[in-house]
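Encoded as structure tokens, the structure appears first; notes follow it.
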Amino acid sequence: MSNIRITKKFSFETGHALYGYDGKCKNVHGHSYKLSVTVIGSPIENRNDVKFGMVIDFTDLKKIVKEEIVDQFDHATVFNETTPHVELAHELKNRGHHVILVDYQPTSENMVIDFAQRIIGRLPVDIKLFSLKLQETDSSFAEWYASDNL
């Protein structure tokens with residue numbers, strides 16, 4: 002049977018700040034992120050399986066990505082917990098804001114690595130994450146490919 006890639010797209014709003022950065026992104030700001038998730042596998046051949054002919058049900062892939070990424074990052078502000086931004090993060094949390102503290106600089110590059118790890122841990126054993134594309138703006142994005150990370 003052939004390996005087939007399927008892709009599902011997601012969008013979410015997230016704020017962040019890049020501590021120590023020498024440009025405007027050192028300030029707290031937000032993006033309308035677009036995430037494309039591509040998995041690879043063989044379509045199910047068992048005619049008695051309700052998912053016959055599918056690599057993975059798009060609904061199942063959506064559930065994984067929503068739970069691991071969209072529901073957690075949507076309308077949150079992400080800060081690196083190892084910088085003085087942690088003080089601002091605690092203040093925002095105390096005021097009822099949704100804040101995520103991570104152990105990395107919250108760039109698109111690092112976020113896409115984090116997202117890949119979260120998704121890989123939830124995929125069925127016979128389905129592999131092929132790639133992720135995280136768009137920060139219409140003209141700026143970071144990509145993660147499994148083949149680059151062997």
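According to our numbering, the sequence shown is numbered sequentially starting from 2.
Backbone N, C-alpha and C define an ideal beta-carbon position, used for all residues, glycine too.
No experiment lies behind these values; they were computed from the predicted model shown.
query                                                                                                                                                                                             : result
Counting C-beta neighbours from all protein chains within 10 Å, is the total for GLN161 16 or more, i.e. buried, or is it exposed?                                                                : As shown, the chain starts at 2 and ends at 151. That puts residue 161 outside it, with no answer to give.
Could you tell me which uninterrupted alpha helix (DSSP H) segments, each at least 4 residues in length, are contained entirely in the segment 60-140, listed from first to last along the chain? : 86-95 and 109-121
Using a threshold of 7 Å, is the CB atom of SER132 nearer than that to any non-hydrogen atom of the ligand FAD?                                                                                   : The ligand FAD is absent from the structure shown, which contains no ligand whatsoever.
Thinking C-beta only, is LYS9 closer than 8 Å to PHE74?                                                                                                                                           : no
I'd like to confirm the pairing. Which residues does DSSP put opposite PHE142 in its beta bridges?                                                                                                : GLN136
Check whether the Cβ atoms of GLU69 and ARG123 sit closer than 8 Å, and answer yes or no.                                                                                                         : yes
By Cβ distance, which residues of its chain are closer than 7 Å to GLY31, with the 5 residues on each side in sequence left out?                                                                  : GLU14, THR15 and GLY16
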